[in-house]
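To start, the structure under review is shown below, and the notes come after it.
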Amino acid sequence: MTDFMMHQRFLDPALNGDSQGDAAADPVWLHVNVAEEGAAKRLLDQAPYLDSTVAGILCAPDTRPHVEDFGKEYLIILRGMNLNPQADADDMVSLRIWCDGTRVVSAERRPVMAVRKQLEKMEDSTGPMSAAEVVVGLAVYLIENMGGPIDGLLEKIDALEIEALEGKPGDLRSRINHLREQVLYIRRYLVPMKQAVAQLQSLAQEWGAEKAARRLRQASDHLARHIEDLDAARDQLQFQHEEMVAAISDRLNRNMYTLSIVAAIFLPLGFLTGLLGINVGGMPGADDGTAFWWVAGGCATIAVLQLLYFRRGGWF
3 MTDFMMHQRF
13 LDPALNGDSQ
23 GDAAADPVWL
33 HVNVAEEGAA
43 KRLLDQAPYL
53 DSTVAGILCA
63 PDTRPHVEDF
73 GKEYLIILRG
83 MNLNPQADAD
93 DMVSLRIWCD
103 GTRVVSAERR
113 PVMAVRKQLE
123 KMEDSTGPMS
133 AAEVVVGLAV
143 YLIENMGGPI
153 DGLLEKIDAL
163 EIEALEGKPG
173 DLRSRINHLR
183 EQVLYIRRYL
193 VPMKQAVAQL
203 QSLAQEWGAE
213 KAARRLRQAS
223 DHLARHIEDL
233 DAARDQLQFQ
243 HEEMVAAISD
253 RLNRNMYTLS
263 IVAAIFLPLG
273 FLTGLLGINV
283 GGMPGADDGT
293 AFWWVAGGCA
303 TIAVLQLLYF
313 RRGGWF
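Taking the numbering used here, I'd label the letters of the sequence shown as residues 3 to 318.
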């Protein structure tokens with residue numbers, strides 16, 4: 003069973019480990035895992051300052067990146083790459099964050115490496131000292147962790163294109179379709195993620211965290227580059243798919259064309275042999291021992307004349 007409360011840290015280092023710290027009033031970062039049933043109720047018990055609607059959204063099974071304004075409180079939904087073992091490139095994880103400028107509550111359903119990295123920074127005293135810095139740091143680490151998986155996906159697409167150009171055998175069609183699904187799925191979340199990051203940047207300035215806002219601006223540029231790379235990858239895969247379909251169609255047309263020429267050659271020959279094969283009296287050459295060779299020679303002559311005609315006509 004997953005632990006509900008992963009950690010609670012006061013943003014004032016002097017309060018950590020001190021019983022005088024008040025999580026309902028002092029600057030604090032609470033992080034919880036909401037994968038288990040009944041997480042919303044447990045979250046409200048742990049953080050009574052949260053609205054029930056906010057708690058429900060923090061524990062929702064499926065979310066899309068956005069920023070929601072609840073007066074002086076904000077709900078920030080972000081997405082990041084799943085860096086857990088055996089995870090696929092398009093298996094993204096959701097990080098839900100509530101912040102009122104002083105306190106931060108973040109929630110996950112599956113492990114989010116950005117949270118662990120942020121916590122490590124705080125433990126070695128190099129991490130954030132304000133709620134705005136916590137939220138911005140989480141967003142920045144989510145974006146930074148996208149680089150490796152996306153670059154790996156782009157390398158697979160380039161390798162697949164090389165295989166297609168070299169004519170290597172393999173199930174290219176299913177692999178292209180699988181990569182297209184991954185690209186489209188990731189892009190589906192990164193586009194609204196970019197809008198959410200832009201809103202978060204404005205919030206950081208509103209909270210007076212100018213340095214954090216500048217840091218987030220740089221991360222936003224990286225996110226925009228990731229989206230551009232995915233757009234280019236989508237077009238590249240679409241081109242590969244069209245080229246593959248065109249090659250299959252061309253090969254099929256060539257085969258049909260060859261069969262048409264063969265049928266055109268054997269059609270008159272089949273008519274002639276069928277006519278001579280009818281079982282009625284009066285067939286010419288029926289009693290002549292050399293008639294077969296005359297018929298065979300005539301068929302060969304007709305076939306040669308047809309081939310010459312097709313050749314001169316540019317049929318092949």
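C-beta atoms are modelled at their ideal positions from N, C-alpha and C, and glycine is treated no differently. The structure presented is a predicted model; accordingly, all values stated were derived computationally and were not measured.
Cα-Cα separation, Glu39 to Gln242: 45 Å
Check whether chain B comes within 9 Å of Thr65, counting only Cβ atoms and requiring the distance to be less than that. Reference to chain B is not applicable here, since this structure consists of a single protein chain.
If you draw a straight line from the C-alpha of Ala249 to the C-alpha of Gly315, how long is it? 26 Å
Between the Cα of Gln238 and those of Trp31, Leu181 and Ile188, spot the shortest distance and give me the residue it belongs to. Leu181
Do you know offhand how far Ala302's Cα is from Leu274's? 12 Å
Helix, strand or coil for Leu184 per DSSP? The residue asked about is misnamed: residue 184 is Gln in this sequence, not Leu. If DSSP states are grouped into helix, strand and coil, Gln184 belongs with the helices.
Excluding the 5 residues flanking Ala41 on each side, which residues of the same chain have their C-beta closer than 6 Å to its C-beta? Cys61
Would you call the CB atoms of Ala166 and Ile79 closer than 9 Å? no
For Trp296, report the span of its beta strand (DSSP E) as first-last. Looking at the DSSP string, Trp296 is not in any beta strand (DSSP E); the run it does join, the alpha helix (DSSP H), is Ala293 to Arg314.
Going by the CB atoms, is the gap between Ala133 and Pro50 shorter than 9 Å? no
If you draw a straight line from the C-alpha of Arg189 to the C-alpha of Leu85, how long is it? 17 Å
Unbroken beta strand (DSSP E) runs of length 3 or more, entirely within the stretch 108–159: which are they? none
Ordered along the chain, which non-local residues of its own chain (more than five positions away) have a Cβ less than 7 Å from that of Leu271? Cys301, Ile304 and Ala305
Can you say whether Asp92 is buried or exposed, counting buried as having 16 or more other CB atoms within 10 angstroms of its CB? buried
Would you grab the beta carbon distance between Asn147 and Gly82 for me? Rounded to a whole angstrom, and I think it's under 8 Å. 6 Å
Quick check: what's the CA-CA separation for Leu156 versus Asp233? 11 Å
Between Glu135 and Ala214, what straight-line distance do the alpha-carbon atoms span, to the nearest angstrom? 6 Å
Applying the 10 Å Cβ sphere with the 16-neighbour rule, what's the burial state of Tyr311? exposed
Reference Lys74, options Leu309, Asp53 and Pro87, closest by Cα: Asp53
Taking only the alpha-carbon atoms, compute the straight-line gap between His9 and Leu174 and give it to the nearest angstrom. 46 Å
Just how far apart, CA to CA, sit Ala211 and Leu218? 11 Å
Could you check where the beta strand (DSSP E) with Ile280 kicks off and where it finishes? From DSSP, Ile280 is part of no beta strand (DSSP E); its letter is neither H nor E.
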